[in-house]
Amino acid sequence: MLLNTQNSVANWHAYLINKSSTEEVLGYTTLPNFGNNMDFRLSQIKVSSKSEKAIEEIKLNAKHRYLILYLNKNLIEVETIGKTEETFCDLLKKLNPKVFRYILYYYESEELPHLNDQCILIAWVPNTDVPENDVESYGRALMFVKHALQVENVLVVREVDGIDERKLETLMQKCLESLFDKNIVRVPSIGSIPDNKGLGYIYYNRMLQNKNKIALIEGLTGKTITYGVLLERAVSLAISLRKKGVAYGDVITYHGPDQMNCAVVFVATFFLGATICAIDTMFSQEDTTLMLEQVTPKISFVDAELVDKLEKVLAKIDSTAEIIVLGDTDKHTPIFDLIQKTEENDAFKPVEVESYLDTAVIVFTSGSTGVPKPVCHNHDAALHQYISFASLKYCWDRILHFATPHWTVFSKFLGIQILLGKTRIFYPSFFETLWHFTIYNVTTAFFSPVEVLTLCKVGRPDKVDLNELQFTIAGNTVDKNQAKLLRSVFYDADYSFGYGFSEIPNGMTAFKPNCSEDALLKNKKPSSVGRALPGFSFKIVDPKTEEVVGQGQQGEVRVQTSFFLSGYWKGDLLSLWDDFGWMKTGDLGFYDEDRCLYIVGRLKDMFKYQDYHIIPLVIENVIRTHPAVLNAAVIGKPHLIDGHHPLGVAVLKPNHQVTEEELLEYVNEKVHFSHKLRAGIRIVDKLPLSSNGKIRKLALQEMLLNEV
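Here it is as structure tokens:
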């Protein structure tokens with residue numbers, strides 16, 4: 001709960017009566033601790049009936065200057081009403097620097113009339129002597145409160161101890177001025193979703209409409225499954241799971257590769273209004289333990305080969321989750337027993353979501369720069385993105401991707417194929433099949449850089465025609481030499497780069513297919529990841545000054561969407577947003593005169609050598625230009641005086657040789673003085689990679705620096 005049950009309104013009024021004399025003089029009050037044991041979903045946050053009038057008044061006709069708000073469980077309550085003649089100073093007198101509050105402020109200024117008639121939701125964040133749970137609870141609820149209040153502008157005040165009326169007014173002005181900032185790239189929304197009854201409800205009806213069409217082809221065998229069979233299995237599984245006690249909002253985890261019944265598990269979960277969370281099978285037992293501790297599954301589906309690992313993980317966290325095996329088993333329930341048609345199937349109806357902001361999918365971040373975090377994708381955001389991407393003029397007839405189920409790409413393409421009634425070819429593994437997919441005349445595909453570069457390395461088979469193939473490359477960047485290699489192998493295919501991240505259900509940028517303007521830009525700017533898709537706005541921010549920069553200037557990419565983003569499943573959500581409610585991606589990039597975006601590295605990867613900011617990707621790209629190098633990474637080795645020294649790591653191509661000394665000399669001759677590999681370079685057999693091909697820098701640092 002955000003407020004403990006005992007902290008009723010009556011208790012609150014009693015608490016005010018007994019407040020200290022110091023608080024009376026200062027003009028502010030405090031609430032008892034809230035705690036963090038929420039007994040409601042954040043999507044249930046709404047304005048209380050007794051507060052509706054005051055909130056409508058301030059939004060519609062500026063009858064009040066401000067409202068100080070708090071949360072009473074899932075209800076937004078008005079604590080204090082500020083009269084129209086009150087000043088910033090009056091507001092500050094009524095705020096406690098040790099208590100989290102929301103403020104709905106109606107802005108007016110004679111000096112800046114173009115900013116007038118705007119409401120701002122202010123998050124007043126205490127930073128000293130306050131229970132961590134209080135800040136975490138209110139921080140997690142911020143964007144849900146914004147949605148409930150239906151306001152556009154957000155201001156997060158994080159250092160309230162040092163705030164005065166002048167600084168507060170300046171922050172508000174800066175927040176509102178961003179509405180007119182021409183350095184911010186904005187793209188209109190695709191509009192509202194026609195049916196907000198949730199993924200399960202929509203998928204059920206689409207599969208019913210397309211029951212005779214082929215949904216899936218098992219690539220290695222050619223076996224097919226129609227939407228009718230997929231629907232029947234998903235309904236049977238949903239009925240079986242309901243009998244096992246799975247209820248609305250429960251988490252179901254999936255541990256295994258993409259296979260025929262993987263889609264069945266996802267769809268059945270949506271039918272029940274539950275939440276699906278697939279786990280990367282490449283993660284260690286320790287990492288998997290950390291992940292399952294955060295999401296506490298009710299049921300865990302697992303590949304037969306991973307049962308032992310999952311049993312140990314569940315025992316470690318004292319979980320009572322039931323294990324269902326995606327294959328043969330003598331110990332647990334096999335999925336085959338749960339997907340047989342019964343007499344109950346015909347009467348089954350999918351759940352309509354209680355709120356379209358409820359979580360449909362949980363995905364974990366890649367862990368490339370730290371511990372993986374669980375990200376929530378709600379039904380509304382997912383449908384917005386799936387419909388938006390499906391509307392792009394790709395030929396969706398035969399879809400291919402090798403994304404494992406834990407990646408956002410899997411959920412996205414599952415949604416697109418069901419919405420359009422199209423066919424997807426799937427394989428259990430990319431590296432065991434490689435070019436095999438070409439026998440299916442695929443029309444639309446998604447590859448990671450590791451996948452397409454591996455195809456280049458293996459070599460294109462004879463008599464392969466890719467003229468009908470359109471594909472997107474995303475998940476990481478490629479350098480100029482790699483881009484040249486791609487062009488030499490995929491010369492007859494139509495491909496481009498895209499950009500996205502785990503916190504959104506789909507990509508943010510792309511070059512639109514069959515669009516003459518984008519085709520020209522794509523050919524002219526091969527290293528760009530495209531332009532923003534509908535519903536996205538982005539800005540580039542100098543991470544040192546927090547100022548928005550213009551075209552051609554590098555900084556952190558920050559994003560705002562027209563649809564609702566839920567953020568992380570648990571933990572500090574305030575760290576995800578900047579002071580004006582924009583999502584911090586952690587990616588470094590810039591855009592050009594055509595609003596084309598370029599990604600140059602990760603903010604967390606950066607480190608300082610003396611007073612120089614070192615972007616590892618710059619050095620990594622130089623290392624990769626050596627003819628003997630297959631892949632490379634750079635990390636910062638701590639140094640007592642200089643802060644960090646760049647340390648290079650390289651993996652060599654098969655049957656190629658070069659010494660560390662030769663490679664070090666090669667690199668240091670080509671980089672800026674500040675970027676020289678002062679900590680040397682190591683040649684290793686392999687780099688720790690995530691399943692989408694990103695180098696896991698934290699794991700690499702632990703491995704190398706522990707050795708040092």
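With UniProt numbering, letter number 482 in the sequence shown gets 482, and the count goes up by one each step, no holes. Note that the Cβ used here is the ideal one computed from N, Cα and C, for glycine as well.
- A Cβ-Cβ contact shorter than 8 Å links LEU155 with ASP579.
- Around the Cβ of ASP358, a 10 Å sphere holds 16 or more other Cβ atoms; the residue is buried.
- Comparing C-alpha distances from LYS525 to each of PHE511, ALA532, SER537 and VAL265 shows the shortest one belongs to PHE511.
- Of all alpha-carbon atoms in SER137, LYS412 and LEU466, the one lying nearest the alpha-carbon of HIS436 is that of LEU466.
- In the three-state scheme derived from DSSP, where H, G and I count as helix and E and B as strand, PRO113 is classed as helix.
- Between the segment 439–459 and the segment 541–551 there are fewer than three C-beta pairs closer than 8 Å, too few to call the two in contact.
- In this structure, the beta-carbon distance from PHE364 to ASP303 does not fall below 8 Å.
- In its chain, beyond the 5 residues on either side, MET207, ALA215, LEU216, ALA263, VAL264 and VAL267 have a beta carbon closer than 8 Å to the beta carbon of LEU230.
- Counting C-beta pairs with one atom in each stretch, the segment 605–620 and the segment 640–649 have three or more that are closer than 8 Å, which means they touch.
- In chain order, ALA632, ALA633 and VAL634 place their CB closer than 7 Å to the CB of GLU620, counting only its own chain and leaving out the 5 sequence neighbours on each side.
- Counting C-beta atoms within 10 angstroms of its own C-beta, LEU310 has 16 or more neighbours from the protein chains shown and is therefore classed as buried.
- Per DSSP, the unbroken beta strand (DSSP E) holding TYR591 starts and ends at 583–591.
- Of all alpha-carbon atoms in PHE538, ASP494, GLN150 and ASN96, the one lying nearest the alpha-carbon of LEU179 is that of PHE538.
- The segment 372–379 makes no contact with the segment 479–498; the number of CB pairs closer than 8 Å stays below 3.
- In this structure, DSSP gives HIS644 an extended state, which the three-state scheme calls strand.
- The residues ASP195, PRO350, VAL351, GLU352 and VAL353, in chain order, have a CB closer than 8 Å to that of TYR201 in the same chain once the five nearest residues on each side in sequence are set aside.
- Judged by DSSP in its simplified three-state form, ARG166 adopts helix.
- Taken in chain order, the whole alpha helix (DSSP H) runs of length 4 or more contained in the segment 643–699 are 660–668.
- Across the set LEU533, PHE413 and ILE323, the C-alpha of PHE413 shows the shortest separation from the C-alpha of THR444.
- With the rule of 3 Cβ pairs closer than 8 Å, the segment 564–579 does not count as touching the segment 658–667.
- Shown here, SER192 sits in coil according to DSSP, grouped into three states, outside any helix or strand.
- Cβ contact annotation for GLN554 (same chain, cutoff 8 Å, sequence separation greater than five): ILE540, LEU588, GLY589, PHE590 and VAL600, in chain order.
- Residue range 153–157 is occupied by the beta strand (DSSP E) that includes ASN153, with no alpha helix (DSSP H) assigned at that position.
- It is roughly 13 Å from the alpha-carbon of GLY550 to the alpha-carbon of ARG558.
- Excluding the 5 residues flanking it on each side, ALA62 has same chain C-beta neighbours closer than 8 Å at THR84, TYR106, GLU108 and ASP117, in chain order.
- Here the alpha carbon of SER527 sits roughly 8 Å from the alpha carbon of VAL478.
- A straight-line Cα-Cα distance of about 12 Å links MET143 and GLN44.
- With a threshold of 16 other beta carbon atoms within 10 Å, LEU486 meets it and is buried.
- Apart from the 5 residues on each side of it in sequence, TYR248 sits with its Cβ closer than 6 Å to the Cβ of GLY273 in its chain, given in chain order.
- Counting only residues of its own chain and dropping the five nearest sequence neighbours on each side, LEU326 has a CB closer than 7 Å to the CB of GLY256, GLN259, ASN261, PHE301, VAL302, ASP303, ALA304 and ILE335.
- CYS456 sits in a helix when the DSSP states are folded into three classes.
- About 5 Å separates the beta carbons of LYS213 and TYR227, which is inside the 8 Å limit, making them a contact pair.
- Around the CB of HIS656, fewer than 16 other CB atoms lie within 10 Å, so the residue is classed as exposed.
- The segment 375–388 and the segment 496–516 touch, with three or more beta-carbon pairs separated by less than 8 Å.
- When the five nearest sequence neighbours on each side are left out, the beta carbons in the same chain lying within less than 6 Å of the beta carbon of TYR204 are those of PRO350, in order along the chain.
- Per DSSP, the continuous beta strand (DSSP E) segment holding GLY507 begins and ends at 507–510.
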